[in-house]
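Below is one structure, written out as structure tokens, with a few remarks after it.
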Amino acid sequence: MRRNRILYGGLFLGVFLAAILYGDPLMFITLYALIVMPLFSLLFAVITLYGIKITQKTERDTVIKGEENRYFITLNNKIKIGFGTLRCIFLEGHFAVDTTADKVRANIKPFMPAISFPMNFTIKYRGTYKIGLNKLEILDFLGLFRVRRKMSTMFEVVAYPRITDLENMHLAIHMLSKAPANLSILQEDYADFTDVRPYAPSDPVKKIHWKLTAKRGEWIVKNYQTSALNSMAIIVDSTKRTLPHEPLTKLEDNIIESTVAVLIYCLRQQMPVDLLFGYNVREKGRHIGDFNNMYNTIARLDFTSDDFSLYNALTKYLNETSRNVNVVILTSILTMPLYEQVLNAMRFGHYIAVIYFVPENIPSSRDSNDVFERLTSSGISCLKI
8 MRRNRILYGG
18 LFLGVFLAAI
28 LYGDPLMFIT
38 LYALIVMPLF
48 SLLFAVITLY
58 GIKITQKTER
68 DTVIKGEENR
78 YFITLNNKIK
88 IGFGTLRCIF
98 LEGHFAVDTT
108 ADKVRANIKP
118 FMPAISFPMN
128 FTIKYRGTYK
138 IGLNKLEILD
148 FLGLFRVRRK
158 MSTMFEVVAY
168 PRITDLENMH
178 LAIHMLSKAP
188 ANLSILQEDY
198 ADFTDVRPYA
208 PSDPVKKIHW
218 KLTAKRGEWI
228 VKNYQTSALN
238 SMAIIVDSTK
248 RTLPHEPLTK
258 LEDNIIESTV
268 AVLIYCLRQQ
278 MPVDLLFGYN
288 VREKGRHIGD
298 FNNMYNTIAR
308 LDFTSDDFSL
318 YNALTKYLNE
328 TSRNVNVVIL
338 TSILTMPLYE
348 QVLNAMRFGH
358 YIAVIYFVPE
368 NIPSSRDSND
378 VFERLTSSGI
388 SCLKI
């Protein structure tokens, strides 16, 4: 564009001097044309730019973080006589989104068909992100002006967390085997039949599977789901941390992905799950078939609570239950009141595990570290991520 302006300026200066020195009417007509043509070219470029219809779409509105996906930009020239060089400037620079989109150029010609550009993108962290065309820029046919049009039709893509195995987290949450109450037949729920096994001398008569015993010719008894410590509460701290955007996004991504890991582990173990997040979200899952709905909810959770109290949430949940339960707490802030409440809950027979998240490249709070050490030394199952 600079070269075009220099050439055009030189041409204009030459014609202007010729018109002044020689007074030739043809030179004056040429001079007037050189004055009007840039204005006409600029006006035509603006009309062409705003006459282009933009269509943006993606193969899926929801994606799994880390997986490559595609979206498409379609340019349709509604001004059939439109003309100019168009440049597509895509949204870029977001640390969580990798895209192959570059500054794509297209020559706009009269009566040209629609143009479509396929693009690849990968989202690295769970969340909702804007993808697509940020600006359109057109160069007029004289190559003297660039006009930009800000796009307001970018689409949103929701990145879901990955489903990981809890064993990779190295957290000992084997509540079904750790709970002593599970060994007591008095705690079994006879409405929830699970499987069968050979008869043992300590088995009561009402556990005998009479039809299967007669068929096999040996004593067979039914196994029932225990009613002690056979459920799980996942309490996620929804407090909004005052951190820079990038470490905050990574921190929330870790919390949500770990929540999904704990959830699917429990449902696969046939443990009913209560998910508590902030003050407004309380989801219940009773079997693995409930996982997808809970997974969709977890993927869209927002950390927006400024006054959420993890201590109050745990206290309220324990007060509402009439039996011993398992609780997994996921938080990036540990306090002394929470520590005392966890110890108190353990004394009353509840099983508490704590997953403590530390922001990346940011020193953790001394108070939180002290509470974490206290929890660990007290024999409570803890994990620092």
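Numbering (the numbering used here), first residue to last: 8 to 392. All residues carry an ideal CB built from backbone N, CA and C; glycine is no exception.
Contact belief for residue i with residue j at Cβ below 8 angstroms, rounded distance in angstroms
| i | j | result |
| --- | --- | --- |
| Met8 | Leu151 | 7 angstroms |
| Phe97 | Pro125 | Not confirmed; about 12 angstroms, so no contact. |
| Thr62 | Thr81 | 4 angstroms |
| Ile215 | Ile263 | That belief does not hold up - the Cβ atoms of Ile215 and Ile263 are roughly 46 angstroms apart, past 8 angstroms. |
| Leu46 | Phe19 | The Cβ separation is near 13 angstroms, so there is no contact. |
| Val165 | Thr37 | At roughly 59 angstroms, the Cβ-Cβ gap does not stay under 8 angstroms, so Val165 and Thr37 are not in contact. |
Host beta strand (DSSP E) of residue i (start-end)
| i | result |
| --- | --- |
| Lys142 | 140-146 |
| Gly91 | 91-97 |
| Phe162 | 162-167 |
| Phe284 | 280-284 |
| Lys291 | 288-292 |
| Leu219 | Taken as a continuous stretch (DSSP letters only), Leu219 belongs to no beta strand (DSSP E), being part of the alpha helix (DSSP H) at 217-223. |
| Leu151 | Unbroken run through Leu151: none, as it is neither H nor E. |
| Tyr358 | 358-363 |
| Lys391 | 388-391 |
| Asp105 | 104-106 |
| Ile115 | 111-115 |
| Ile241 | 239-243 |
Proximity to residue i [Cα-Cα], best of the options
| i | options | result |
| --- | --- | --- |
| Arg153 | Arg67, Cys95, Lys116 | Cys95 |
| Ile115 | Asn83, Arg248, Asn127 | Asn83 |
| Met353 | Ser339, Arg330, Tyr363 | Arg330 |
| Lys391 | Thr92, Ser385, Phe379 | Phe379 |
| Pro205 | Pro211, Ala221, Glu225 | Glu225 |
| Ile71 | Pro370, Arg307, Asn368, Arg381 | Arg307 |
| Asp172 | Arg289, Gln276, Phe128 | Gln276 |
| Thr328 | Asn351, Leu350, Val349, His357 | His357 |
| Asn76 | Ile138, Pro254, Thr322 | Ile138 |
| Arg67 | Ile13, Tyr167, Lys213 | Tyr167 |
| Gly73 | Glu367, Ala113, Thr129, Pro120 | Thr129 |
| Glu394 | Thr220, Leu18, Thr256 | This structure gives no information on residue 394, because the portion of the chain shown stretches from 8 to 392. |
| Ile7 | Tyr286, Met301, Phe298, Glu253 | With the chain covering only 8 through 392, there is no way to say anything about residue 7. |
| Ser372 | Asn287, Gly285, Tyr286, Arg248 | Arg248 |
| Val393 | Leu49, Pro120, Leu140 | Any property of residue 393 remains undetermined from this structure, which presents the chain solely from 8 to 392. |
Beta-carbon proximity of residue i to residue j, cut-off 9 angstroms
| i | j | result |
| --- | --- | --- |
| Leu337 | Phe364 | yes |
| Val203 | Val228 | yes |
| Leu283 | Tyr324 | yes |
| Phe162 | Lys64 | yes |
| Tyr2 | Val104 | No statement about residue 2 is possible, as the shown extent of the chain runs from 8 to 392 and does not include it. |
| Ile122 | Asp244 | no |
| Pro402 | Met343 | No answer is possible for residue 402: the residues shown for the chain start at 8 and end at 392. |
| Leu258 | Leu250 | yes |
| Ala360 | Asn319 | no |
| Phe148 | Ala52 | yes |
| Arg156 | Ile145 | yes |
| Ile242 | Val349 | no |
| Ser265 | Ile362 | yes |
| Thr246 | Leu317 | yes |
| Gly17 | Ile59 | no |
| Gly292 | Leu321 | no |
| Glu290 | Asn300 | yes |
Residue span of the alpha helix (DSSP H) that contains residue i, given as start and end
| i | result |
| --- | --- |
| Phe128 | Run containing Phe128: none in the alpha helix (DSSP H); it sits in the beta strand (DSSP E), 122-130. |
| Asp374 | 373-384 |
| Glu347 | 343-354 |
| Val267 | 252-275 |
| Ile13 | 9-29 |
| Taking only runs of the beta strand (DSSP E) that begin and end inside the segment 44-90, which ones reach a length of at least 3 residues, in chain order? | Counting whole runs of 3 or more residues, the segment 44-90 contains the beta strand (DSSP E) stretches 59-65, 69-71, 75-84.
| message | Which complete beta strand (DSSP E) runs does the segment 306-337 hold, if anything under 3 residues is left out? | response | Segments of the beta strand (DSSP E) lying fully in the segment 306-337: there are none.
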